[in-house]
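Peer 1: In the UniProt record's numbering, the protein residues as written are 1 to 1143.
My questions all concern the structure below.
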């Protein structure tokens, strides 16, 4: 680039800054010694009149700010010309004795944005744009409505998912009466009919309001499909979650307090955003729900021009030659959804809705933020540097009238200041009845919101909704606010010139956060017991990513604490506040005080404490504190402090101790239901030679599925048992090597706060060495010690361990079964009384035991749903959704693999390192899913698992097809049942098949399915380990390899006193059957087959197995040996999954 003196100047772009260069010509009258003025801006600070947010004055020097203000005043003095005209005048030197530059103008726009006065005075009228032809569907489409009710801050919404196009409709209802439900449902049905959608059925849960309109729906030809009493509608549950997530995210991004009455508009906005984003469910046609419904794609100029809460200057509907302002300040609410691109805006002058097609987006001024923060009944959102000032004494805390709550990313807190009442239009256009009028107070309207047109508007503030439980997952408290002005709700659009008193929330004093003593605010109350209306802090996980400095962490934790009540209440609560173990809460207060010291010392803050707070909020801190408290001598008594000097061998075996956090998610909805913290030892440093017997068994998947099928067949009652802190109930053995752990400085200080007697064991470095008295998590022997301890206790109360599976136990006196997987137990009993009796027996030995009895249970990440027909459905909906979301699947496939599955193309393009890691992860997760509920995917995963070390683009394509098939069939479940013989005996069916020489190295492939009558309790698909010379030999090798598992299942059932009289082996190769019956090679070509493969013949001769021929089209295992297509695939898949009964 050439400067005025023809010198070459090079503009260099730094890593984080962009040079903004202004050159001045020597001929201009306002030049200053022909200097080149430069200024560095971050990419967000590059002058842009419409950029948002406007940069703060702190980004510039005082002199630059002063010159920018004078330059802006120059524009006003010139009669409000455009910015470009002013720049041109300065460049050409049209103004004498002027030393302003273009940089001053740009800097002014960067700081304060465009001049609103010019926008209001110089905006011109516009012609109505040409209306596009509205797309219309030529043929009707049959769909289903999946409906449910959503409750949000006292409002009731009827939310519908139109399936399979997965379009979401949200309509606000006045209440839950039949009349309200009928009005909302009729409105949605009318909307669908306008788009030529033929509603055939409505699926809903047994909600009283929706059931009351069954007759009305039946008269219109719509069938109502009601779920069971304990079941929900999965599609709607997911839609409710998504709508709330978008609403919550939008709410936390607002710079002002949102009036509660604008929540319906926020829900409308969130629903629209759901419909313009493609999902992993519904039709897989590369379209969004909105394009499927309306035929119109989302437009950047129409639908995405604004977002909820944006500040705009909207042009008046009518422009005349008077001196009235031609624009009005508005807040964007949601798009109308028409082809013209209109938006529904909130007129800040009249506080009513208005629709506009033309506007100018600006940065929201501070006076508008203060104006909106002054309403009653608002949900305040204060940024980090605008939080309420924290008091510096206990007296000030006790006199506080409001309660503060946690802030998430962006440090946004929430509080109610009282409701706003007015008349208005409900979501969807329904007019509500007039409610109590506003108070007779006046507030000054911000000058940016002056309205001078005669626009037709409707109020956006609906009447106060009936008392439904607020389901917004944000901490809220409704309280009274004094001297808070409410803007008048009259429907005049003229500026009356009246004054309105706007309450502006004060900016906190710097340094106040450090002066606050959090221990006094704790008020003898468990941190996890702080209640938020009907919700607990521990039930509301608050996430925040990134690092925080000490002041931010201190302030945010302080804001989570409740206000201190009167001294009498404090004494009463202190006397009564005891936890389950009888320990007074003063110990928890000491623990929190120690945690507080860690937080204040942010430089040495423990990483897990930081993660617990920043990611999970109060729930994370509570989990960490509770875990540390049970380590003390007055609880589990896990640690024994060591004050003596350790020997050299003990020093070498010293283990580090770490705190880890884990999310416990709902297997059905994938929601975080609990935050678990564990203090674990670094068992990876232990020498396994010193602990030879350290392997602990877990229940096998096939045993679990077999018992579930039998329990459903016998109509047994099922329950799950959870042992909190299971390992800590087991003492470490006295004999053998002792285990020592070292607690770091932070954990040591907390443990000393819990038990002051431990202070003598703290070393000079602040760490503490302890001997493990209990089996801590992380040690290599802890799992085996716990298993032995649990089994011994179960044997003491009458249970016997099965020989075939040590994790399956039975009790003869009440015919009860149970399976054990570490600290999780599943029970199968004849009646609930037996489960209650066992629960009492276990609770006498283990404190805090949790027992859950239900027809739908979650166990080991699996969801078991038992019905009244003698069947059980096994599913993993949350895991499936996470897998599809992680893989970012688009499209669908009818089968998981093509015919070239086993073909290996060595010349195919290799994957990058990142793609290889992703490939490996997705294959492992797909294998995990296939082994539990999707046996049809075993064929694909068995091949892809052998390709993880040399994967290429062809392997990636095969994986993508399997994932597309999974997306198409994501709602399929594994349905298990038992089929008995005519005599009432249980029949075990074994299907074994083999594909000869299908692999590139000429190995054959074996498939096996074991069923008790309906669905597969065991399935396997694997490559044979040796090369065979014929299909007969391949079939024989497959039978011999798979026979052991089927015999084991039958033996396990027999040990549980199940009458298994028949085990049938099905084969589709008659030559193999002849070879098995003969028990020896019957020709020269088969002499090389080892005799070990003929043990099947021995089993048949003893009468343990019946060998039957099965046609290939009826062979279940056929789909596990080679890719099968078409109707045969669908038929065999239905039998394997239990969707259909076998012939």
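Even glycine gets a Cβ: it sits at the ideal position worked out from N, Cα and C.
Keep in mind it's a predicted model, so treat the numbers as computed, not measured.
Identify whether residue 275 lies in helix, strand or coil by the three-state DSSP scheme.
Peer 2: The residue given as residue 275 occupies position 275 in the chain shown. Residue state, collapsed to three classes: helix.
Peer 1: In angstroms with no decimal places, state the Cα-to-Cα distance between residue 632 and residue 655.
Peer 2: Residue numbering aside, residue 632 sits at position 632 when the chain shown is read from its first letter. Residue numbering aside, residue 655 sits at position 655 when the chain shown is read from its first letter. So the alpha carbons of these two residues sit roughly 19 Å apart.
Peer 1: Quick one: any contact between the stretch 857-868 and the stretch 761-775, if contact means 3 or more CB pairs under 8 Å?
Peer 2: no
Peer 1: Assuming contact is defined by CB atoms lying nearer than 8 Å, are residue 1052 and residue 804 in contact in what I supplied?
Peer 2: Indexing the chain shown from 1 puts residue 1052 at position 1052. Indexing the chain shown from 1 puts residue 804 at position 804. Yes, they are a contact pair.
Peer 1: Quick one: Cα of residue 296 to Cα of residue 303, how far?
Peer 2: Taking the first residue of the chain shown as position 1, residue 296 is located at position 296. Taking the first residue of the chain shown as position 1, residue 303 is located at position 303. Taking the CA atoms as reference points, residue 296 sits about 11 Å from residue 303.
Peer 1: Buried or exposed: where does residue 906 fall if 16 or more other Cβ atoms within 10 Å of its Cβ makes it buried?
Peer 2: Mapped onto the chain shown, residue 906 falls at position 906. Its Cβ having fewer than 16 others within 10 Å, residue 906 is exposed.
Peer 1: Which class does residue 740 belong to by DSSP, given the choice of helix, strand or coil?
Peer 2: Here the question's residue 740 lines up with position 740 in the chain shown. If DSSP states are grouped into helix, strand and coil, residue 740 belongs with the strands.
Peer 1: Indicate whether residue 710 and residue 978 have their beta-carbon atoms separated by less than 8 Å.
Peer 2: Within the chain shown, numbered from 1, the residue matching residue 710 stands at position 710. Within the chain shown, numbered from 1, the residue matching residue 978 stands at position 978. Contact flag set, yes.
Peer 1: With burial defined as no fewer than 16 other Cβ atoms inside 10 Å of the residue's Cβ, what is the status of residue 1111: buried or exposed?
Peer 2: Against the chain shown, residue 1111 aligns to sequence position 1111. Its Cβ having fewer than 16 others within 10 Å, residue 1111 is exposed.
Peer 1: Can you list, in chain order, the residues of its chain with a C-beta nearer than 7 Å to that of residue 342? Leave out the 5 residues immediately preceding and following it.
Peer 2: The residue you call residue 342 lines up with position 342 of the chain shown. Here the set comprises 336, 355, 356, 357.
Peer 1: Round the Cβ separation of residue 269 and residue 311 to the nearest angstrom and send it over; I've been treating them as touching at under 8 Å.
Peer 2: Position 269 of the chain shown, counted from the start, is the residue given in the question as residue 269. Position 311 of the chain shown, counted from the start, is the residue given in the question as residue 311. At roughly 15 Å, the Cβ-Cβ gap does not stay under 8 Å, so residue 269 and residue 311 are not in contact.
Peer 1: How big is the Cα-Cα spacing for residue 911 and residue 156?
Peer 2: In the chain shown, residue 911 corresponds to position 911, counting from 1. In the chain shown, residue 156 corresponds to position 156, counting from 1. Straight-line Cα distance between these residues: approximately 51 Å.
Peer 1: Check residue 169 in the structure and name its three-state DSSP category.
Peer 2: Mapped onto the chain shown, residue 169 falls at position 169. Strand.
Peer 1: Among 657, 260, 798, whose alpha-carbon lies nearest the alpha-carbon of residue 1157?
Peer 2: This structure does not reach residue 1157, given that the chain is present from 1 up to 1143, and the question cannot be answered.
Peer 1: Which same chain residues end up closer than 7 Å to residue 892 when comparing Cβ atoms and leaving out the 5 residues on each side of it in sequence?
Peer 2: Here the question's residue 892 lines up with position 892 in the chain shown. Counting only Cβ-Cβ distances below 7 Å, and skipping sequence neighbours, we find 284, 964, 967, 968.
Peer 1: Cβ-heavy atom distance between residue 110 and the ligand GDP below 7 Å?
Peer 2: This structure lacks the ligand GDP, and indeed carries no ligand of any kind.
Peer 1: Cβ atoms of residue 1023 and residue 999: under 8 Å apart, would you say?
Peer 2: Walking along the chain shown from the start, residue 999 turns up at place 999. Walking along the chain shown from the start, residue 1023 turns up at place 1023. Taking 8 Å as the Cβ cut-off, residue 999 and residue 1023 qualify as a contacting pair.
Peer 1: CA-CA distance, residue 241 and residue 324?
Peer 2: Stepping through the chain shown from its first residue, residue 241 is reached at position 241. Stepping through the chain shown from its first residue, residue 324 is reached at position 324. Computed Cα separation, rounded: 46 Å.
Peer 1: Bridge partners for residue 150 per DSSP, in chain order?
Peer 2: The count along the chain shown starts at 1 and reaches residue 150 at position 150. Bridge partners of residue 150: 157.
Peer 1: Where do the N-terminal and C-terminal ends of the alpha helix (DSSP H) with residue 300 fall, by residue?
Peer 2: As a working mapping, residue 300 is identified with position 300 in the chain shown. No alpha helix (DSSP H) contains residue 300, which DSSP labels as neither H nor E.
Peer 1: Tell me the DSSP secondary structure of residue 915 in three-state form.
Peer 2: Here residue 915 refers to the residue found at position 915 of the chain shown. Residue 915 falls in the helix class under three-state DSSP.
Peer 1: Check whether the stretch 102-111 touches the stretch 66-76, counting contact only when three or more Cβ pairs, one atom from each stretch, lie closer than 8 Å.
Peer 2: yes
Peer 1: Scan the stretch 755-782 and note each continuous beta strand (DSSP E) run of 3 residues or more that stays entirely inside, going in chain order.
Peer 2: 768-772
Peer 1: Please report the Cβ distance between residue 662 and residue 723, rounded to the nearest whole angstrom; I am assuming they are in contact, meaning their Cβ atoms lie under 8 Å.
Peer 2: Position 662 of the chain shown, counted from the first residue, corresponds to residue 662. Position 723 of the chain shown, counted from the first residue, corresponds to residue 723. Actually they are not in contact, since the Cβ atoms of residue 662 and residue 723 sit about 16 Å apart, beyond 8 Å.
Peer 1: Which residues mark the beginning and the end of the alpha helix (DSSP H) in which residue 965 is found?
Peer 2: The count along the chain shown starts at 1 and reaches residue 965 at position 965. Residue 965 -> alpha helix (DSSP H) spans 953-968.
Peer 1: Runs of 3 residues minimum, wholly inside the stretch 616-658: which ones carry the beta strand (DSSP E) assignment?
Peer 2: 639-641
Peer 1: Looking at C-alpha atoms only, which residue of 939, 238, 161 is the closest neighbour of residue 1158?
Peer 2: With the chain covering 1 to 1143 only, the question about residue 1158 has no answer from this structure.
Peer 1: Are residue 630 and residue 779 close, meaning C-beta to C-beta below 8 Å?
Peer 2: Locating residue 630 in the chain shown gives position 630, where the first residue counts as 1. Locating residue 779 in the chain shown gives position 779, where the first residue counts as 1. Cβ atoms of residue 630 and residue 779: not closer than 8 Å.
Peer 1: May I ask which residues mark the beginning and end of the alpha helix (DSSP H) holding residue 1098?
Peer 2: The residue given as residue 1098 occupies position 1098 in the chain shown. Taken as a continuous stretch (DSSP letters only), the alpha helix (DSSP H) holding residue 1098 covers 1095-1101.
Peer 1: If you count every other CB in all the chains shown that lies within 10 Å of the CB of residue 1121, and 16 or more means buried, which is it?
Peer 2: Here the question's residue 1121 lines up with position 1121 in the chain shown. By the 16-neighbour rule on beta-carbons within 10 angstroms, residue 1121 is buried.
Peer 1: Would you mind reading off the limits of the alpha helix (DSSP H) that contains residue 261?
Peer 2: As a position in the chain shown, residue 261 is number 261, starting the count at 1. Residue 261 -> no alpha helix (DSSP H), and no H or E assigned at all.
Peer 1: Exposed or buried, which one is residue 264 when buried takes at least 16 other CB atoms within 10 Å?
Peer 2: Numbered from its first residue, the chain shown carries residue 264 at position 264. It counts as buried.
Peer 1: Can you tell me whether DSSP reads residue 853 as helix, strand or coil?
Peer 2: For the purposes of this step, residue 853 is taken as the residue at position 853 of the chain shown. It is a strand residue.
Peer 1: Using a threshold of 8 Å, state whether the C-beta atoms of residue 976 and residue 1138 are closer than that.
Peer 2: To locate residue 976, count along the chain shown from 1; it is residue 976. To locate residue 1138, count along the chain shown from 1; it is residue 1138. Closer than 8 Å, so yes.
Peer 1: Within this structure, are the beta carbons of residue 1031 and residue 991 separated by less than 8 Å?
Peer 2: Taking the first residue of the chain shown as position 1, residue 1031 is located at position 1031. Taking the first residue of the chain shown as position 1, residue 991 is located at position 991. Not closer than 8 Å, so no.
Peer 1: In its own chain, which residues sit with a C-beta less than 6 Å from the C-beta of residue 871, not counting the 5 before and 5 after it?
Peer 2: Taking the chain shown and counting its residues from 1, one reaches residue 871 at position 871. The answer, listed in chain order, is 712, 975, 977.
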